[in-house]
Amino acid sequence: MMHRRRHRTHRTHTAGTLLLAGGLLASLLAFVAGCGGNLTAGGLSGQADVAFSGDAAGTGGADARVPLVRAAERSGRDNDPEGEIKLEFLLFLEAADGSSVPLSDTLIEVELDVEGDIEADAVSRQVPATRYTGLRIVFDEIEVEIDAGLVIDGVPILGAVDVEIEGSLPVIKPLDLEVDADQRVALLVDLNAATWLEAVDPDTHVVDPAVFANAIGVVVR
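Under my numbering, the letters of the sequence shown match residues 816 to 1036, in that order.
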């Protein structure tokens, strides 16, 4: 009997020791998790601000592999088109690891002047801190209204100009963008409108979507 009681007492002490050790381990894990959570909240993301311009000065953007029709080549005139552009689109940052980061949950709408006098803020969003190699713009709608200043082959172009898209028009522009933790970066999408408007067909008022897409430039500011 004494032996059995001593055996039960030993098991009770062992269980108590295990419970104490388990409690200490749980407390330690909770502490580590708390520290990790703070690091995650403050150190793995930055902020991306994206603005659009109808025709910003000096940003370029045309891909040399796709020739553009310019004023000097078409009519020898120096066109200075005026008007408005309305866009609906989705935005994505393409990461170096191949992943895609959406910058909006719904379609973004912006209205721009063709001349590029006023920029339009498109989106400001928190993004993972990593290296990005491209900006993908998926255009859902492109509406252009020319008020003055566009002459193609001696024909003044006024009113609606159509960039023909079927369903949607995805455009990917290369970037070399490193977003660090807690860093704020700013991107400007320049439509370079005066460039692709030179490719308007004077009879149909239509622009080839490939020419439109090729003319767009993206710069990091």
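Backbone N, C-alpha and C fix where the C-beta goes; we use that ideal spot for every residue, glycine too.
Let me confirm a value: residue i is counted as buried when at least 16 other C-beta atoms fall within 10 Å, else exposed. Which label applies?
i: Leu936; result: The identity of residue 936 in the sequence shown is Asp, whereas the question assumes Leu. When all chains shown are included, Asp936 counts as exposed.
i: Gly869; result: buried
i: Leu859; result: exposed
i: Val1072; result: This structure cannot settle anything about residue 1072, because the visible part of the chain is limited to 816 through 1036.
i: Arg819; result: Confidence at Arg819 is low in this model, with a pLDDT of 35, below 50, so the placement of that residue is unreliable and no value is reported for it.
i: Val1035; result: exposed
i: Asp1005; result: buried
i: Val1021; result: exposed
i: Asn853; result: At Asn853, the pLDDT of 30 sits below 50, so the modelled position is not reliable and the matter cannot be decided from this model.
i: Ile923; result: buried
i: Lys913; result: The question names Lys, yet the displayed sequence has Gly at residue 913. Counting Cβ neighbours within 10 Å, Gly913 comes out exposed, since fewer than 16 surround it.
i: Ile972; result: buried
Going by CA-CA distance only, name the one from the options that's closest to residue i.
i: Glu979; options: Gln941, Leu1012, Leu990 and Val865; result: Leu1012
i: Ser919; options: Val865, Pro971, Thr1010 and Ala996; result: Val865
i: Ala996; options: Ile900, Val942 and Glu926; result: Val942
i: Val976; options: Gln862, Glu899 and Gly861; result: Glu899
i: Pro1017; options: Leu965, Arg999 and Val1034; result: Leu965
i: Pro1024; options: Gly974, Ala1001 and Ile957; result: Ile957
Below 8 Å on the Cβ atoms is my guess for residue i versus residue j; work out the distance and round it to an integer in Å.
i: Asp955; j: Ser983; result: 5 Å
i: Glu897; j: Asp962; result: 5 Å
Answer yes or no: do residue i and residue j have a C-beta to C-beta separation smaller than 8 Å?
i: Ala872; j: Val929; result: no
i: Leu927; j: Lys988; result: no
i: Gly861; j: Val986; result: no
i: Glu909; j: Thr945; result: no
i: Phe904; j: Val953; result: yes
i: Thr1010; j: Ala1028; result: no
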